[in-house]
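Residue numbers (my numbering), protein chains in the order written: chain L, 101 to 290; chain W, 2 to 496; chain X, 6 to 362.
What follows is one structure encoded as structure tokens, with my remarks underneath.
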Amino acid sequence: MYVLSAIVSLTLLGLFLGLLLGIAAKYLKVESSPIVDELESLLPGSQCGQCGFPGCRPAAEALAEGNAPATMCPPGGSALAEQIAALLGLDLDLSEVKEPELLVARVSESTCTGCTRCFKVCPTDAIVGAPKQIHAVVADACIACKKCVEVCPTECLQMHPVEVTLRNWRWAKPLNVSAQTADARSNAVC
Amino acid sequence: MLSLFKKSRIRGGVHAEEHKAETATLPIASNFPLPKKLYIPLQQHVGKPAEPVIKVGEKVLKGQLLAHSQGLISAPVHAPSSGVILDVNDYPAPHPTALPIRTIVLETDGKEEWMAVHPVDDPFQLTPEDISLRVGAAGIVGLGGATFPTAVKLNMGRENHIDTLIINGAECEPYLSCDDRLMQERAEMIIDGVRLMLYGMETESAVVAIEDNKPQAFLAMQAAAESFAQINVIQIPTRYPMGWDRQLIRFVTGKEVPVGCRSSEIGVTIHNVGTAFAVHNAIRHGQPLLSRVITVAGGAVQRPTNIEVPFGTLISELFSFCGVNTENIARIIMGGPMMGDSLPHSGLPTVKATSGILALTQSELKNTEEQPCIRCAGCVSVCPAGLRPLDMANNIRINQLDTAVDLGLKDCISCGCCSYICPSNIPLVQYFKYASGEIVARQQAQHKSEQTKRLIDARNARMERIAQQQREDELARIAAKAERERLKAEQEALV
Amino acid sequence: MIAHIKPSSGAHVGANISVSRIMRQVMLALLPATAFGLFCFGWPAINLFVITVLSAVVFEALCVRLRGRGVKPAIMDGSAVLTGWLLAMTLPPWAPWWIGVVGSGLAIILGKQVYGGLGQNLFNPAMLARVALLISFPIEMTTWANVSPLFFSHSPGWVESWHITFSGLENSDATTGATTLGFIKTEFSQNHLLPDILKDYSGFLNFIGWTRGSLGETSTLLLGLGGLWLIRQKIIQWQIPVSLLLTVALLAGVFHVMDNQHYVSPLLYLNSGAMMCVAFFIATDYVTSPNTPAGQLVFGAGCGLLIFVIRTWGAYPEGAGFAVLLMNSATPLIDHYIRPRIYGRDRKGKPLEIPKS
């Protein structure tokens, strides 16, 4: 008798909880993985393709699935890598991340024909000008995607490193001198 | 017994070898020859750079305005001597990198022809606002090294009801003795400047604080202030960084400036003795700030001394005046050896912030052979801000900048005590400067990436709009064509 | 024109201090007590001391070499010598050679290098090695030689000392005995009471160190003076020694007053070279102690408490090693919670409020 009542009550309980789970799954369903959206919003969104994925959305999906490291986005640098790692709860070793060399496109005024091709492809509208007039790059808006360099017929658009000025100069990280010299010495011994 | 529980008024700090005696006993040199060319940077202060008002080739008189201030926080620049403007262009800045800075080049004519000045006989007839205006027009900035425009500080003082004006005569950096000499030789003028500042800020009392390793300066200042009850000259213990404004405020008033606040918010303002002297000159004699006293010292200097130098003088001229053996120089430092920065060469101009130029030999420099940290906690005990430099540096080394900020990176004042005391020669201050710069850079990068996203969205929306427009045009064209054909058909039908 | 182009930040000048100088100062402070210990226990002690220090240096060189770093700077900083030295001081003076070698290996390899070398270790290497030896080789580690000074007729000579060091003691009962604390512990287990037990105890001999004990830990006077000198030289801070000794004295005092038949007087605790060595030289190890003054006070008090508890109720009469190791493991926690107050902020790190005038 006891056995029977135990079987019945547990079965009922199981059925009831199963039902609850079923309902919850139906009504509280998550439409798409929100983490992908969040990741995409972190990425630059310039669809530059430097990561090897066709755009920022596929890159975000790869990150969410764990198929790409947090340090995958070269334009984002270590700042972005830290944000991604924080979002995904990853351990991050930044010592291997190379800070991207900051580049900016510049128009060589002597060879520009004013063909307007470059400012048509610029994803951030960083190139200004009008047909038959020399174009110019707004350095603050340029994201160094190099699309303009590819379409320029006269090669007058070139990427240049961002000029170091008193405003943007920063103290360098101290090199760990002892480790370095020690390594050098041991190499000499070996 | 109660005193044991009272908050200690000095915290941390170090006592470095002073090296002040060689220069502090000599009078300020008066025979420094006027340089042939002066290189006057347009930004010698905190805030916006000044904007030139002169043209190349123009002849200027001593004291004439060369560039006016721009915006609320800025300071004008004046001609330190009479002569002709040779150039307005980019020249190396007195900065560790010697990167270019916009500079006016003045070729002096040696005549020292003054422009018309307007001395004031009784400045106490002026309104306090007028004092601020005149101080601002004279291009006076904080000469202790912070170079914050003094007029702005006077105005803030008036707005905030200051109880105490502290005059910083601590000069706690080793080697430097320019303020010491200034106080010994020009005490009356400094005290007059203090009175003018008190009047300009509508403040009742002032305290002149001088480290007790400068007894001569103390006596001179005390004598000069004797007849003014509102000015109190005191001696303070010799301990670097006593001249850190917040340390001095705590020592003199017992009050601590909360993080993120200006000292004026707790009723205290602090100015340097050199600034007080400049205020005296500007108000009493109508002379703008054209020169300052600079200590030239260090092991490579044969005749170390204090010199009154017009702004824009190249360091190499100071070196040849003081007899510097360039082969012995291991490092040139602008400012003191604790907080000053290295300079790559001597072809750089002196500016309003230059309190000293040091040419140090290798034996004077700290050993740079870095060893592992042994957690001796020396840096913790000397930090005047109450930080734990070793933990901060360890986190920065592995790029955990957020943790470093949690530990108080933003409260670091780069005073250098930790680097000074470190037995393992770890460049702690450079770690902190690097991290602070990196944090700013990352914020800017983040800002730019947000900006980029906005631009891309705007462009996509525009493209979409154009495409939509084209589709509509196309539809309209098709519709029009259909209409025309219908009409045509109708007409044909009619015919 | 000037060779130095790279921007360099302050401070450009430095205090006259370096890692090797700190290590040398500590060794200097240890020197009188060590010399006295070596004199008291004769040639076998000298053998053991040399072997322990040398093997510490060899192990350090080996590890540094394996890690591909420069050997010379690592040895020259003096930390390995000091570790070996401190370890040797805590060993029974006539212990066989392999105790020193194994101890040094444990201290340098397991105590220090596996964590990443100097400055990275969690536990005090010398104490780690001593405790490991004590647990693994209880007989060798509790065989205490009688005082038998150099050049005395009944002391072992140079040749005999090699025998003691390399083939062990024969007929050890004649030349060895128990330390005071060990003796008290054994006597308690036979239901004897304190006044009875201590009738042969001489405070003076313990004070100068003419007594059985570890190689360099017998002299309260010399170790205490060495420690005070270190404080005066500002190599160590007063916080840890003072709070440690005060805690032990206070606890011992309270219990002694309550029951002076079973609890040893605080003076006997304080008048012990081992206690001085722990308070001034072991617990104050930079790497494994907290780095704020308040944290150091807590650390010292914790060590004192544990030493008293272990000595009074634990199985090991010389419980200092365990106490220090336990508190070492608490150091990161103490450093996390006890931070100095930052200027302009309250203890919790919030900006101070602007006082209303």
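The beta-carbon is built from N, C-alpha and C at its ideal position, and this holds for glycine as well.
Specify the secondary structure class of residue i as computed by DSSP and reduced to three states.
i, result
"residue 30 of chain W", "strand"
"residue 129 of chain X", "coil"
"residue 281 of chain W", "helix"
"residue 100 of chain X", "coil"
"residue 107 of chain X", "helix"
"residue 103 of chain W", "strand"
"residue 292 of chain W", "strand"
"residue 395 of chain W", "helix"
"residue 253 of chain W", "helix"
"residue 283 of chain L", "Residue placement at residue 283 of chain L is poorly supported in this model, since its pLDDT is 40, which falls under 50; the coordinates still yield a value, given next. Of the three classes helix, strand and coil, the one that applies to residue 283 of chain L here is helix, per DSSP."
"residue 149 of chain X", "strand"
"residue 193 of chain W", "helix"
"residue 21 of chain X", "coil"
"residue 271 of chain L", "coil"
"residue 129 of chain W", "helix"
"residue 115 of chain W", "strand"
"residue 291 of chain X", "coil"
Residue i lies in the alpha helix (DSSP H); which residues open and close that run?
i, result
"residue 236 of chain X", "225-237"
"residue 455 of chain W", "429-495"
"residue 68 of chain W", "Where residue 68 of chain W is concerned, there is no enclosing alpha helix (DSSP H), although the beta strand (DSSP E) it sits in stretches over 66-69."
"residue 273 of chain W", "From DSSP, residue 273 of chain W is part of no alpha helix (DSSP H) but of the beta strand (DSSP E) over 269-273."
"residue 248 of chain X", "244-263"
"residue 341 of chain X", "325-342"
Look at the alpha carbon of residue i and the alpha carbon of residue j, and state the distance between them as a whole number of angstroms.
i, j, result
"residue 342 of chain W", "residue 221 of chain X", "49 angstroms"
"residue 13 of chain X", "residue 272 of chain L", "10 angstroms"
"residue 338 of chain W", "residue 74 of chain W", "29 angstroms"
"residue 54 of chain X", "residue 260 of chain X", "38 angstroms"
"residue 154 of chain W", "residue 247 of chain W", "16 angstroms"
"residue 299 of chain X", "residue 359 of chain X", "27 angstroms"
"residue 218 of chain W", "residue 392 of chain W", "40 angstroms"
"residue 74 of chain X", "residue 375 of chain W", "17 angstroms"
"residue 205 of chain W", "residue 197 of chain W", "12 angstroms"
"residue 283 of chain L", "residue 149 of chain L", "Its pLDDT being 40, under 50, residue 283 of chain L is placed unreliably by the model, and the measurement read from it follows with that caveat. If you take the alpha carbons of residue 283 of chain L and residue 149 of chain L, they lie about 38 angstroms apart."
Using a threshold of 9 angstroms, state whether the C-beta atoms of residue i and residue j are closer than that.
i, j, result
"residue 362 of chain W", "residue 331 of chain W", "yes"
"residue 388 of chain W", "residue 347 of chain X", "yes"
"residue 337 of chain X", "residue 190 of chain X", "no"
"residue 266 of chain L", "residue 254 of chain W", "no"
"residue 80 of chain W", "residue 43 of chain W", "no"
"residue 19 of chain X", "residue 249 of chain W", "no"
Compare the C-beta of residue i against all C-beta atoms of chain W and say whether one is closer than 9 angstroms.
i, result
"residue 326 of chain X", "no"
"residue 188 of chain L", "no"
"residue 305 of chain X", "no"
"residue 69 of chain X", "no"
"residue 403 of chain X", "In the structure as shown, chain X begins at 6 and stops at 362. Residue 403 of chain X is therefore absent and cannot be evaluated."
"residue 182 of chain L", "yes"
Within the 9 angstroms Cβ cut-off, does residue i reach chain X?
i, result
"residue 247 of chain W", "yes"
"residue 500 of chain W", "Only positions 2 to 496 of chain W appear in this structure, which leaves residue 500 of chain W out of reach."
"residue 243 of chain W", "no"
"residue 349 of chain W", "no"
"residue 202 of chain W", "no"
"residue 206 of chain W", "no"
What is the residue span of the beta strand (DSSP E) that residue i lies within?
i, result
"residue 205 of chain L", "203-207"
"residue 24 of chain W", "No beta strand (DSSP E) contains residue 24 of chain W, which is instead part of the alpha helix (DSSP H) from 22-25."
"residue 206 of chain W", "206-212"
"residue 40 of chain W", "38-42"
"residue 144 of chain W", "That residue, residue 144 of chain W, is in no beta strand (DSSP E); it is neither H nor E in DSSP."
"residue 170 of chain W", "165-170"
"residue 259 of chain L", "257-261"
"residue 335 of chain W", "332-335"
What I want to know is whether the C-beta of residue i ends up closer than 8 angstroms to one or more non-hydrogen atoms of the ligand MG.
i, result
"residue 160 of chain X", "What this structure holds is no ligand at all, so the ligand MG is not there to describe."
Residues from the region 422-435 of chain W in contact with chain C, defined by Cβ distance under 8 angstroms
In the structure shown, chain C cannot be found, because the protein chains are L, W and X.
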